[in-house]
Amino acid sequence: AQSVTQLGSHVSVSEGALVLLRCNYSSSVPPYLFWYVQYPNQGLQLLLKYTSAATLVKGINGFEAEFKKSETSFHLTKPSAHMSDAAEYFCAVTEHNQKVTFGTGTKLQVIP
Amino acid sequence: DGGITQSPKYLFRKEGQNVTLSCEQNLNHDAMYWYRQDPGQGLRLIYYSQIVNDFQKGDIAEGYSVSREKKESFPLTVTSAQKNPTAFYLCASTPPETGELFFGEGSRLTVL
Numbered sequence: 511a512q513s514v515t516q517l518g519s520h521v522s523v524s525e526g527a528l529v530l531l532r533c534n535y536s537s538s539v540p541p542y543l544f545w546y547v548q549y550p551n552q553g554l555q556l557l558l559k560y561t562s563a564a565t566l567v568k569g570i571n572g573f574e575a576e577f578k579k580s581e582t583s584f585h586l587t588k589p590s591a592h593m594s595d596a597a598e599y600f601c602a603v604t605e606h607n608q609k610v611t612f613g614t615g616t617k618l619q620v621i622p
Numbered sequence: 005d006g007g008i009t010q011s012p013k014y015l016f017r018k019e020g021q022n023v024t025l026s027c028e029q030n031l032n033h034d035a036m037y038w039y040r041q042d043p044g045q046g047l048r049l050i051y052y053s054q055i056v057n058d059f060q061k062g063d064i065a066e067g068y069s070v071s072r073e074k075k076e077s078f079p080l081t082v083t084s085a086q087k088n089p090t091a092f093y094l095c096a097s098t099p100p101e102t103g104e105l106f107f108g109e110g111s112r113l114t115v116l
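Chains A and B, in that order, give the protein sequences.
First residue of the first sequence: 511, per this note's numbering; consecutive thereafter.
First residue of the second sequence: 5, per this note's numbering; consecutive thereafter.
Written as structure tokens, this is what we have:
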């Protein structure tokens, strides 16, 4: 069975600082991995996805994530936080033709 | 532009009343999903449909019902049997083989 763990339900960073949001997954087969972003009272929007091509995946808004099989991790990073990055971020995993499993989300606060 | 439209955005109902949330997509996707979102719990799958006239229960289907009479439409009914219906409801669809979900803007249901 697949599962996702997001460490830290709330993360605060200063504007301009590194953003690091952690995601660990379990999967019995090579997974597809995703990061989504959600702004208040809106739906989720895809940031980036890993589908077994390059292990370093670049997404929108300057975010990227690295797939590390040995650590079963898919952490999301951004070198310099912007105020507009304040949102909730969800990591998700799926296996081929299976349902998507979401983590419980991490709310990112950016302090001016 | 292609996308998913959910309505209404906000809905207030009294206890004991059934309510139907609309979800329409023009992405030509076969698979559609309904998720429930509560603070700190991530997204939980209520129902999904992979083809017209067919649908399956997700992880928390009790107290909900759906229909899939047209490819474009996947309405969700929150029945009076749902014990705690106040939540944010998200509809999504996905093209085949990718696992990537496309979300609507959500419907916030408050039961008074």
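Just so you know, even glycine gets a beta-carbon here, dropped at the ideal spot from N, CA and C.
None of these values were measured; they are calculated from a predicted model.
Over the uninterrupted beta strand (DSSP E) stretch that includes residue i, give me the two end residues.
| i | result |
| --- | --- |
| threonine 9 of chain B | 8–11 |
| threonine 81 of chain B | 80–82 |
| aspartate 63 of chain B | Element bounds for aspartate 63 of chain B: n/a, residue is neither H nor E. |
| threonine 114 of chain B | 111–115 |
| serine 522 of chain A | 520–524 |
| glutamine 548 of chain A | 542–548 |
| serine 77 of chain B | From DSSP, serine 77 of chain B is part of no beta strand (DSSP E); its letter is neither H nor E. |
Where does residue i land, buried or exposed, given buried means 16+ other C-beta within 10 angstroms?
| i | result |
| --- | --- |
| alanine 511 of chain A | exposed |
| aspartate 595 of chain A | buried |
| proline 12 of chain B | exposed |
| proline 89 of chain B | buried |
| threonine 513 of chain A | Strictly speaking, residue 513 of chain A in this sequence is serine, with threonine absent from that position. Exposed: under 16 other Cβ atoms inside 10 Å. |
| valine 539 of chain A | exposed |
| isoleucine 50 of chain B | buried |
| threonine 98 of chain B | buried |
Since residue i sits in a beta bridge, which residues does DSSP pair it with?
| i | result |
| --- | --- |
| phenylalanine 41 of chain B | Checking the sequence, you will find glutamine at residue 41 of chain B rather than phenylalanine. According to DSSP, which records beta bridges pairwise, glutamine 41 of chain B is partnered with B:Leu47, B:Phe92. |
| glutamine 29 of chain B | B:Ile8 |
| glutamine 512 of chain A | Bridge partners of glutamine 512 of chain A: none, in fact. |
| serine 709 of chain A | The first residue shown for chain A is 511 and the last is 622, placing residue 709 of chain A beyond what the model contains. |
| alanine 85 of chain B | The partner list for alanine 85 of chain B (beta bridge, DSSP) is empty, contrary to what the question assumes. |
| glutamate 605 of chain A | None, per the DSSP bridge assignment. |
| alanine 35 of chain B | B:Thr98 |
| glutamine 555 of chain A | A:Val547 |
Quick one: any contact between the stretch 36–55 of chain B and the stretch 586–598 of chain A, if contact means 3 or more CB pairs under 8 Å?
-> no
Should the stretch 604–617 of chain A be called in touch with the stretch 75–82 of chain B, which here means at least 3 C-beta pairs below 8 Å?
-> no
Hey, is the stretch 598–608 of chain A in contact with the stretch 541–550 of chain A, meaning 3+ C-beta pairs nearer than 8 Å?
-> yes
Complete runs of the beta strand (DSSP E) confined to the stretch 576–601 of chain A [at least 3 residues] | 583–588
Pair every Cβ in the stretch 57–76 of chain B with every Cβ in the stretch 90–98 of chain B, then say whether three or more of these pairs are closer than 8 Å.
-> no
Should the stretch 549–560 of chain A be regarded as contacting the stretch 97–109 of chain B, the criterion being three or more beta carbon pairs within less than 8 Å?
-> yes
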